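For the sequence shown, this note's numbering begins at 76 and goes up steadily by one. Built from N, CA and C at the ideal position, the CB exists for glycine as well. None of these values were measured; they are calculated from a predicted model.
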Amino acid sequence: MIELSLVKQHLRVDHDDEDVLIQGYIDGALAHVEQHCDRELVTVDPVLPEQMGLTKDVIQAVLLLVGHWYSNREAVMIGSNGVSATEVPLAYERLLWYRKRF
């Protein structure tokens, strides 16, 4: 659905050592987007209300999510002082918000 080569370009990865890991992130991100929006992603024009096309903004959301997972293996970052913890914001939610079914 989304090519590994596109995601690796987004991540600036030019080796094959982590292809299995990155593909897992892609698969997980696509599943997460479907769950978040309560819609099935399709590569053709959606014909049913429960379908959503794989448009440029949806692809960007997947790239952001994969990039987040690749760079931040945990949901919380510990500050350089070793004390303060900050939740990592996820911009993909903004890209997908209007596609969500309520």
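Please name the residue, chosen from 114, 128, 131, 148, that lies closest to residue 177 on a Cα-to-Cα basis. 114
Is residue 99 helix, strand or coil by DSSP? helix
If you drop the 5 nearest sequence neighbours on each side, which residues of the same chain put their C-beta closer than 8 Å to that of residue 92? none
Cutoff 8 Å; reference residue 144; Cβ partners in own chain excluding five residues on either side: 100, 103, 104
Inter-residue CB distance, residue 107 and residue 142 (contact presumed, cutoff 8 Å): Not really, about 13 Å apart at Cβ, beyond 8 Å.
Any chain D beta carbon closer than 8 Å to residue 99: The structure shown contains no chain D, having only a single protein chain.
Given this structure, state the Cα-to-Cα distance separating residue 83 from residue 159, to the nearest angstrom. 31 Å
DSSP has residue 116 in a bridge; who is on the other side? 127
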